[in-house]
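Before any comments, here is the structure.
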Amino acid sequence: MLRRVSPEALDDMTPHDTAAVASRRDLQRIHKVMGSATITHQALQKMTVITPHNRPLRVLELGAGDGSLMLAVAQSLRPIWPSVQISLLDRVPLLCDDTKRRYAAMGWAASGHIQDALEWARQPEPTVRRGSSDALRFDVIVSHLFLHHFEAAELATLLRAAARRCDHFFACEPRRAPLAWAASHLVGALGANAVTRGDAVLSVRAGFRATELSGAWDAVAPGWALQESQAGWFSHRFVAERDRASKRRVPA
Numbered sequence: 004m005l006r007r008v009s010p011e012a013l014d015d016m017t018p019h020d021t022a023a024v025a026s027r028r029d030l031q032r033i034h035k036v037m038g039s040a041t042i043t044h045q046a047l048q049k050m051t052v053i054t055p056h057n058r059p060l061r062v063l064e065l066g067a068g069d070g071s072l073m074l075a076v077a078q079s080l081r082p083i084w085p086s087v088q089i090s091l092l093d094r095v096p097l098l099c100d101d102t103k104r105r106y107a108a109m110g111w112a113a114s115g116h117i118q119d120a121l122e123w124a125r126q127p128e129p130t131v132r133r134g135s136s137d138a139l140r141f142d143v144i145v146s147h148l149f150l151h152h153f154e155a156a157e158l159a160t161l162l163r164a165a166a167r168r169c170d171h172f173f174a175c176e177p178r179r180a181p182l183a184w185a186a187s188h189l190v191g192a193l194g195a196n197a198v199t200r201g202d203a204v205l206s207v208r209a210g211f212r213a214t215e216l217s218g219a220w221d222a223v224a225p226g227w228a229l230q231e232s233q234a235g236w237f238s239h240r241f242v243a244e245r246d247r248a249s250k251r252r253v254p255a
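With the working numbering applied, the sequence shown covers 4 to 255.
And the structure:
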């Protein structure tokens with residue numbers, strides 16, 4: 004099955020459209036079926052993330068939606084990541100105060116950033132001086148069911164920016180495979196609405212397989228340690244970590 008990216012209905016709906024609200028609830032159920040939080044936890048807990056003693060771990064989620072998925076991950080990572088600043092980037096404002104409070108209860112400071120991911124990727128890199136704080140720099144960048152929205156050129160733009168702004172990257176995407184393709188036609192059994200039923204099929208068709216993400220990453224940021232594989236029945240996981248010998252603040 005060749006990869007094909009098509010516009011998904013939810014992306015063009017206003018945040019408070021009743022069908023969009025219902026579809027986002029559907030996505031939460033789909034994430035549970037796919038085991039997205041568990042897959043993410045397993046990947047992140049294996050990362051050796053070194054931060055200065057005077058600041059928390061800095062995490063960015065691209066296409067974060069309402070932040071509920073990483074909240075579930077935060078609950079399981081709390082014993083090993085007790086102090087985290089997490090930035091939740093999405094082009095629509097979906098992060099609510101209650102979710103922020105739930106993050107705070109675990110020692111994670113959550114902030115929402117309303118911006119298109121490609122705009123974020125195309126921002127000029129600031130000059131970083133020793134001892135200064137770089138607002139665009141993160142220890143870890145993650146994304147869930149997000150990269151498949153982008154054609155090759157836009158995907159390259161996102162991955163290039165991520166490689167310049169972090170030392171660890173993780174993505175959990177739809178797996179473009181017969182089983183996932185069949186399952187995408189059955190999400191109505193979970194009570195999914197028409198928006199979700201249509202988008203699920205398009206998501207799998209735009210998903211990834213084999214080492215496609217590794218190839219895309221290596222084309223824009225060679226020299227990283229890459230892992231890519233099936234995760235669960237329907238998901239595709241990708242991990243990129245900067246080689247320890249070359250870890251450094253990437254120049255603008």
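Even glycine gets a Cβ: it sits at the ideal position worked out from N, Cα and C.
Counting along the chain, where does the beta strand (DSSP E) carrying residue i start and finish?
{"i": "residue 93", "result": "87–93"}
{"i": "residue 117", "result": "111–117"}
{"i": "residue 238", "result": "238–244"}
{"i": "residue 177", "result": "171–177"}
{"i": "residue 60", "result": "60–65"}
{"i": "residue 146", "result": "143–147"}
In the DSSP assignment, the alpha helix (DSSP H) including residue i goes from what residue to what residue?
{"i": "residue 75", "result": "71–80"}
{"i": "residue 230", "result": "Premise fails: residue 230 lies in the beta strand (DSSP E), 228–234, not in any alpha helix (DSSP H)."}
{"i": "residue 27", "result": "21–37"}
{"i": "residue 219", "result": "215–223"}
{"i": "residue 165", "result": "155–168"}
{"i": "residue 187", "result": "181–187"}
{"i": "residue 206", "result": "197–208"}
{"i": "residue 84", "result": "No alpha helix (DSSP H) contains residue 84, which DSSP labels as neither H nor E."}
What do you reckon, are the CB atoms on residue i and residue j nearer than 8 Å?
{"i": "residue 232", "j": "residue 207", "result": "no"}
{"i": "residue 8", "j": "residue 174", "result": "no"}
{"i": "residue 227", "j": "residue 212", "result": "no"}
{"i": "residue 93", "j": "residue 67", "result": "yes"}
{"i": "residue 205", "j": "residue 217", "result": "no"}
Which residue wins for smallest C-alpha separation from residue i, given the options the options?
{"i": "residue 199", "options": "7, 11, 4, 39", "result": "11"}
{"i": "residue 148", "options": "234, 55, 24, 16", "result": "234"}
{"i": "residue 98", "options": "72, 86, 243, 246", "result": "72"}
{"i": "residue 168", "options": "20, 14, 65, 36", "result": "65"}
{"i": "residue 243", "options": "113, 201, 94, 52", "result": "52"}
{"i": "residue 160", "options": "18, 93, 121", "result": "121"}
{"i": "residue 146", "options": "23, 44, 19", "result": "44"}
{"i": "residue 118", "options": "96, 104, 24, 105", "result": "96"}
{"i": "residue 215", "options": "176, 38, 103, 54", "result": "176"}
{"i": "residue 39", "options": "191, 225, 74", "result": "74"}
{"i": "residue 151", "options": "104, 102, 191, 203", "result": "203"}
{"i": "residue 54", "options": "205, 229, 201, 84", "result": "84"}
{"i": "residue 26", "options": "224, 230, 191", "result": "191"}
Could you check if residue i is buried or exposed, using at least 16 other CB atoms within 10 Å of its CB as the buried criterion?
{"i": "residue 178", "result": "buried"}
{"i": "residue 115", "result": "buried"}
{"i": "residue 135", "result": "In this prediction, residue 135 has a pLDDT of 43, which is less than 50 and means its spatial position is unreliable; what the coordinates show is noted afterwards. When all chains shown are included, residue 135 counts as exposed."}
{"i": "residue 222", "result": "exposed"}
{"i": "residue 36", "result": "exposed"}
{"i": "residue 91", "result": "buried"}
{"i": "residue 133", "result": "Bear in mind that the predicted position of residue 133 carries a pLDDT of just 40, short of 50, making it unreliable; the figure below should be weighed with that in mind. Its Cβ having fewer than 16 others within 10 Å, residue 133 is exposed."}
{"i": "residue 86", "result": "exposed"}
{"i": "residue 69", "result": "buried"}
{"i": "residue 100", "result": "exposed"}
{"i": "residue 21", "result": "exposed"}
{"i": "residue 5", "result": "exposed"}
{"i": "residue 189", "result": "exposed"}
{"i": "residue 42", "result": "buried"}
{"i": "residue 171", "result": "buried"}
{"i": "residue 19", "result": "exposed"}
{"i": "residue 89", "result": "buried"}
{"i": "residue 130", "result": "Annotation note: pLDDT 49 at residue 130 (below 50); position unreliable, coordinate value reported separately. By the 10 Å Cβ count, residue 130 comes out exposed."}
{"i": "residue 14", "result": "exposed"}
| request: Check whether the region 136–150 touches the region 47–65, counting contact only when three or more Cβ pairs, one atom from each stretch, lie closer than 8 Å. | output: yes
| query | Okay, do the region 148–156 and the region 184–198 touch, 3+ Cβ pairs below 8 Å being the bar? | reply | no
| request: Check whether the region 41–48 touches the region 23–33, taking contact to mean three or more Cβ pairs, one atom from each stretch, closer than 8 Å. | output: no
| query | Using 8 Å as the Cβ pair cut-off and three pairs as the minimum, do the region 238–248 and the region 169–189 touch? | reply | yes
| query | Can you find at least 3 beta carbon pairs, one from the region 107–118 and one from the region 75–82, that sit closer than 8 Å? | reply | yes
| the region 159–167 / the region 121–128 touching (three or more Cβ pairs under 8 Å) | yes
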